[in-house]
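Enquirer: Let me give you the structure first, and then I'll get to my questions.
There are 2 protein chains.
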Amino acid sequence: MKILIVEDEKELRDTICTYLENEGFICEKTAHYEDALEKVQVYTYDLVVLDITLPDGNGLNLLRYLKNQRIQSGVLIVSAKDSLEDKLTGLELGADDYITKPFHLAELNARVKSIIRRKNFDGNNEVIFQQLKIDISNTEAWVNEQLLELTRKEYELLIYFIHNQNRVLTKEAIAEHLWGDHMDMADSFDFIYTHIKNLRRKIQEKGGDNYIKTVYGMGYKFAAS
Amino acid sequence: MKILIVEDEKELRDTICTYLENEGFICEKTAHYEDALEKVQVYTYDLVVLDITLPDGNGLNLLRYLKNQRIQSGVLIVSAKDSLEDKLTGLELGADDYITKPFHLAELNARVKSIIRRKNFDGNNEVIFQQLKIDISNTEAWVNEQLLELTRKEYELLIYFIHNQNRVLTKEAIAEHLWGDHMDMADSFDFIYTHIKNLRRKIQEKGGDNYIKTVYGMGYKFAAS
DNA sequence: GAATTAGATCATATTTTTGTAACAAAACTT
DNA sequence: AAGTTTTGTTACAAAAATATGATCTAATTC
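Quick mapping for you: the protein sequence lines, in order, are chains A and B.
Following this note's numbering, the numbering of the first sequence begins with 1 at its first residue and continues without gaps.
Following this note's numbering, the numbering of the second sequence begins with 1001 at its first residue and continues without gaps.
Next comes the structure, spelled out in structure tokens:
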């Protein structure tokens, strides 16, 4: 699960980031509206933690952009003002939840998890792709009615593929999505090779096809055989 | 993808170049305004990384030239000054993005990719030419609804042709565009012959026409039969 | 704190792409 | 038509990318 934190107060930004990373999320952060806008265009986030008052723009505009572009990320608005007006505007625009500063990290965490849970339950919590069935609310994957015992990285990799069927995903994009900016790319993609290999093996062990196609020189594409 | 780096500080220029080449781009670099002006007249770049302050001129003039000539290259402006004025001028003139020194290479990289993606997504990310369909965002080419399994060089060659329909491309220009200065030309064009042949074969295998016409003594022209 | 597991790293194999060279065919020249 | 140059074809070698299996480390569980 990948989260973008948009918050201009450095200390708060870093605290939130560290906290959520300890919870197992992959986080990226920025202080600027323009930067956030760029990031949501380029990458896919499961959730955006969004401060309204930013030095170079209004967070609500980012929310508008997300909704206009039909980008599926959840949005948790953070605001200093307890203005009822702002709150209403935010929720009307389609934010998933609203929290007022100051707040306890535990509460932020609870709301983040609640949004993600809600989004997953949203109507269909099962995704089916050929022989594969993914039960998102239980973070479980099945092949031919047999449970796959996937590790967290493997599961996230599979979800990322499922969400991007028939599209070529570069190794850079995959690394970015599963590990965030942190990892020093360029040096090696060994970790990707290894996880791809293990995921393929586990799927095929249960009689599944090899849905993960290698696109030489680019990356991988998840598609029916 | 071919990038021209216009930057007068040698160290920075070389660092950027090496970094982007590792990302798979073909790069050329220069420190001088006049030299850059010459290059954009002669060659086709997908992107120009452009420093504003150059020893023999202002980078913004190069930007003006590109826009006046309707040259399609993307432009990423690099500037030491964080002057709002410069930034506005640059963006008003039609630059795609702006980055202020000092910066992290990763950020430069993100912006470069973002520009290229935006340009490709621009309305239509599919290019159609007769029986050929090219899905630029997936770097895939199709003939009569059948996927062509092209290698990277073959794909780049095809894209170069598609972007220069009905124009005679000399072997020198092709070599220049696909391999940059690096390759020792003059000795032989065997590698071009080979790639042309393989690309023709793959297109024709799927029932496509031979769009790549040989222009004896000159090079090749991509055109309908 | 020992045992287990996930995840990263490394060395090594395998596969795919790319470049080269030698030769054949075709196109121009005279 | 013979000779010259350019282009096409093929097979192969070099290089690059990917896959695999083993090992190591850090985290988690018991």
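C-beta atoms are modelled at their ideal positions from N, C-alpha and C, and glycine is treated no differently.
1. B/Arg1111 and B/Asp1097 - do their beta-carbons sit closer together than 8 Å?
2. Check the C-beta distance from B/Ile1174 over to B/Ile1162 and give it rounded, since I have them as a contact under 8 Å.
3. Could you tell me whether the Cβ atoms of A/Gly207 and A/Val143 are closer together than 8 Å?
4. Could you say which of B/Leu1105, B/Lys1202 and B/Asn1058 lies nearest to B/Asp1086 if we only look at CA atoms?
5. For B/Thr958, which residues in chain A fall below 7 Å Cβ to Cβ?
6. Give the straight-line distance between the Cα atoms of B/Lys1213 and B/Leu1157, rounded to the nearest whole angstrom.
7. Can you find the residues in the same chain that come closer than 6 Å, C-beta to C-beta, to B/Leu1054, ignoring five residues on each side of it along the sequence?
8. Give the straight-line distance between the Cα atoms of B/Phe1189 and B/Asp1035, rounded to the nearest whole angstrom.
9. Name, please, each residue of chain B whose Cβ falls closer than 8 Å to the Cβ of A/Val42.
10. Which same chain residues, not among the five before or five after B/Leu1093, have their C-beta less than 7 Å away from its C-beta?
11. Whose C-beta lies closer than 6 Å to the C-beta of B/Gly1123 among residues of the same chain, with five residues either side of it excluded?
12. Taking the beta strand (DSSP E) that B/Gln1165 belongs to, which residues open and close that run?
13. Compare the C-beta of B/Thr1194 with all C-beta atoms of chain A and state if any pair is closer than 8 Å.
14. Candidates B/Leu1050, B/Glu1126, B/Thr1089 and B/Ala1080: which alpha carbon is nearest B/Gly1074's?
15. Looking only at its chain, what residues have a beta carbon closer than 8 Å to the beta carbon of B/Val1127, apart from the 5 residues adjacent to it on each side?
16. Candidates A/Val78, A/Gln131 and A/Glu23: which alpha carbon is nearest A/Asn109's?
17. Please classify A/Asp14 as buried or exposed, where buried requires at least 16 other C-beta atoms within 10 Å of its C-beta.
18. Hey, out of B/Tyr1160, B/Arg1201, B/Met1218 and B/Asn1210, whose CA is closest to B/Thr1044's CA?
19. With DSSP as the reference, please indicate the residues paired to A/Gln146 in a beta bridge.
20. Can you give me the C-alpha to C-alpha distance between B/Tyr1155 and B/Glu1028, rounded to a whole angstrom?
21. Do we get a CB-CB distance below 8 Å when we pair A/Glu92 with the residues of chain B?
22. Please state whether the Cβ-Cβ distance between A/Ile5 and A/Ile16 is less than 8 Å.
23. In angstroms, rounded to a whole number, what distance separates the CA positions of B/Phe1222 and A/Leu150?
24. Tell me whether B/Ile1016, by its Cβ, gets closer than 7 Å to a heavy atom of the ligand SAH.
25. With DSSP as the reference, label B/Leu1132 as helix, strand or coil.
Expert: With the given structure in hand:
1. To locate residue 1097 of chain B, count along the second sequence from 1; it is residue 97. To locate residue 1111 of chain B, count along the second sequence from 1; it is residue 111. Yes, they are a contact pair.
2. For this step, residue 1174 of chain B is matched to residue 174 along the second sequence. For this step, residue 1162 of chain B is matched to residue 162 along the second sequence. About 13 Å; that fails the 8 Å criterion.
3. Counted from its first residue, the first sequence places residue 207 of chain A at position 207. Counted from its first residue, the first sequence places residue 143 of chain A at position 143. Yes. Within cutoff.
4. As a first step, residue 1086 of chain B is located in the second sequence; it is residue number 86 there, counting from the start. Out of B/Leu1105, B/Lys1202 and B/Asn1058, B/Asn1058 has the C-alpha closest to the C-alpha of B/Asp1086.
5. Here chain B has residues from 1001 to 1225 only, and residue 958 of chain B is not among them.
6. Taking the second sequence and counting its residues from 1, one reaches residue 1213 of chain B at position 213. Taking the second sequence and counting its residues from 1, one reaches residue 1157 of chain B at position 157. C-alpha separation (whole angstroms): 14 Å.
7. In the second sequence, the residue the question calls residue 1054 of chain B occupies position 54. Cβ within range, chain order: Asp1008 and Tyr1033.
8. The residue given as residue 1189 of chain B occupies position 189 in the second sequence. The residue given as residue 1035 of chain B occupies position 35 in the second sequence. Approximately 27 Å, taken between the alpha carbons.
9. Position 42 of the first sequence, counted from the first residue, corresponds to residue 42 of chain A. In chain order: Ala1110, Lys1113, Ser1114 and Arg1117.
10. Residue numbering aside, residue 1093 of chain B sits at position 93 when the second sequence is read from its first letter. The answer, listed in chain order, is Leu1060, Leu1063, Arg1064 and Lys1067.
11. Working through the second sequence from its first residue, we reach residue 1123 of chain B at position 123. Low local confidence applies: a pLDDT of 46 at B/Gly1123 is under 50, so the model's placement there is unreliable, with the coordinate-based value given in what follows. Result list for B/Gly1123: empty, nothing under 6 Å.
12. Residue mapping note: residue 1165 of chain B aligns to position 165 of the second sequence, counting from 1. Element bounds for B/Gln1165: n/a, residue is neither H nor E.
13. As a working note, residue 1194 of chain B is residue 194 in the second sequence. Chain A contact via Cβ: absent.
14. Here residue 1074 of chain B is taken as the residue at index 74 of the second sequence, counted from 1. Measuring from the Cα of B/Gly1074, the nearest candidate turns out to be B/Leu1050.
15. As a first step, residue 1127 of chain B must be located in the second sequence, where it is residue number 127. Closer than 8 Å at the Cβ level, and outside the excluded window around B/Val1127, lie Lys1133, Ile1134, Ile1136 and Ile1162.
16. Looking up residue 109 of chain A in the first sequence gives position 109. The candidate whose alpha carbon is nearest that of A/Asn109 is A/Glu23.
17. Taking the first sequence and counting its residues from 1, one reaches residue 14 of chain A at position 14. Exposed, because fewer than 16 other Cβ atoms sit within 10 Å of the Cβ of A/Asp14.
18. To locate residue 1044 of chain B, count along the second sequence from 1; it is residue 44. Checking every option, the nearest Cα to that of B/Thr1044 belongs to B/Tyr1160.
19. Locating residue 146 of chain A in the first sequence gives position 146, counting from the first residue. In DSSP, A/Gln146 forms a bridge with A/Val143.
20. One-based indexing of the second sequence puts residue 1155 of chain B at position 155. One-based indexing of the second sequence puts residue 1028 of chain B at position 28. Approximately 21 Å, taken between the alpha carbons.
21. Start at 1 with the first residue of the first sequence, and residue 92 of chain A comes out as number 92. By this cut-off, A/Glu92 is not an interface position.
22. As a position in the first sequence, residue 5 of chain A is number 5, starting the count at 1. As a position in the first sequence, residue 16 of chain A is number 16, starting the count at 1. Result yes, Cβ atoms of A/Ile5 and A/Ile16 sit closer than 8 Å.
23. Working through the second sequence from its first residue, we reach residue 1222 of chain B at position 222. Working through the first sequence from its first residue, we reach residue 150 of chain A at position 150. Roughly 49 Å between the two C-alpha positions.
24. Of the ligands one can find in the structure shown there are none, so the ligand SAH has no counterpart to examine.
25. The count along the second sequence starts at 1 and reaches residue 1132 of chain B at position 132. Reduced to three states, the DSSP call for B/Leu1132 is strand.
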